[in-house]
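In order, the protein sequences belong to chains A and B.
Mapped onto the working numbering, the consecutive letters of the first sequence carry residue numbers 1 to 139.
Mapped onto the working numbering, the consecutive letters of the second sequence carry residue numbers 1001 to 1089.
Beta carbons: idealized from backbone N, C-alpha and C, even for Gly.
Just so you know, these numbers come straight off a predicted model, no measurement behind them.
Read through the structure below, which is laid out as structure tokens, and then see the notes.
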Amino acid sequence: MVKKLVPMAAKASFLALAAGIVVLGATALSAPAAEAQTRDPAYAAARAAGQVGEKADGYLGYPVPPSAEIRRMAEDINIKRRAVYAQKAQEQHATVEDYAFTSGCLLISQTRAGEKYQAPNGSWETRTSAPPLRDSRCP
Amino acid sequence: MKSDELTNRARLAKDLPMHLGKLGKRRSGQRGIGLVMVVGSALALGGCVSVKAPDKPIVIELNINIKQEVVYRLAADAKNTIDENSGIF
């Protein structure tokens, strides 16, 4: 009985190892193909300048009236965000709005000092070192 | 006898075989119960608690709790999503 078990365990561990290698390989392959991993310089500059800010609903908004260029860039990012939210929400069996809202909570938390975010009352706030004002439903 | 029957029912009850010999006690017991009931109802009226219907409809915000539950469930996955797509976040 014990003799029978040992080869089985060895087999199982080999399978687990093989699966791990496959997963690692897939991750390594998909990483360069994924969405750009760093912010576009124009986007980074617009964030730092407070021309765009994080809204509570998970999308970018305009704390000040945007230029045509800023608006085009933010809308482009919001369309990409929506595509990601929609895909992930489906995987999690949630609505796009709930997934986007959850992301918005996290994105507001992640803002750096000087960046803009929208408070629960709709006003635009500048992030300081203090915790941001967030919706009471945020995790 | 007929007038007796009509005006004094207690005496009629006395003649029933079930209560033979117990009538005196029973009557005093009844009087006691009556007294307790009067005192009790008087107390009940004195200690009456008045309950008023609210003038506004009762609204239970279930949506908030449901949303919060969903948000907490999604938080970990959303964090990964943001990290994996940092170019657009």
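Item	Value
R127/A: which of R137/A, P139/A and R112/A sits nearest, CA to CA?	R112/A
For the region 1059 to 1088 of chain B, list every residue whose C-beta sits within 7 angstroms of some C-beta in chain A, in sequence order.	I1064, K1067, Q1068, V1070, V1071, Y1072, L1074, A1075, D1077, A1078, K1079, T1081, I1082, E1084, N1085, S1086, G1087 and I1088
Per the DSSP calculation, Y117/A is bridged to which residue(s)?	E54/A and E125/A
Using a Cβ-Cβ cut-off of 6 angstroms (strictly less than) and excluding sequence neighbours within five positions of K55/A, which residues of its own chain qualify?	G61 and Q118
Out of E69/A, G122/A, Q51/A and G58/A, point me to the one whose CA is closest to R81/A's CA.	G58/A
Any idea what DSSP makes of G61/A, helix, strand or coil?	strand
Of all the residues that make up the region 74 to 99 of chain A, which are near chain B by a beta-carbon distance shorter than 7 angstroms?	I77, K80, R81, V84, K88, Q92, A94, D98 and Y99
Since Q37/A meets chain B, which of its residues come closer than 7 angstroms, beta carbon to beta carbon?	S1086 and G1087
If T102/A and V1071/B are in contact, beta carbons under 8 angstroms, what's the gap, nearest whole angstrom?	5 angstroms
Does DSSP put E69/A in a helix, in a strand, or in coil?	helix
Which residues in chain B have a C-beta closer than 7 angstroms to the C-beta of P139/A? List them in chain order.	V1071, Y1072 and A1075
Below 7 angstroms CB to CB, which residues in the same chain sit around Y43/A once its five sequence neighbours on both sides are set aside?	M73 and I77
Taking L107/A as the query, report the chain B residues whose CB atoms sit under 7 angstroms from its CB, ordered along the chain.	I1082 and F1089
Assuming P41/A and Q51/A make a contact with CB atoms under 8 angstroms, what is their CB distance in whole Å?	14 angstroms between Cβ atoms; not a contact.
Within 7 angstroms of any Cβ in chain B, is that where the Cβ of S103/A sits?	yes
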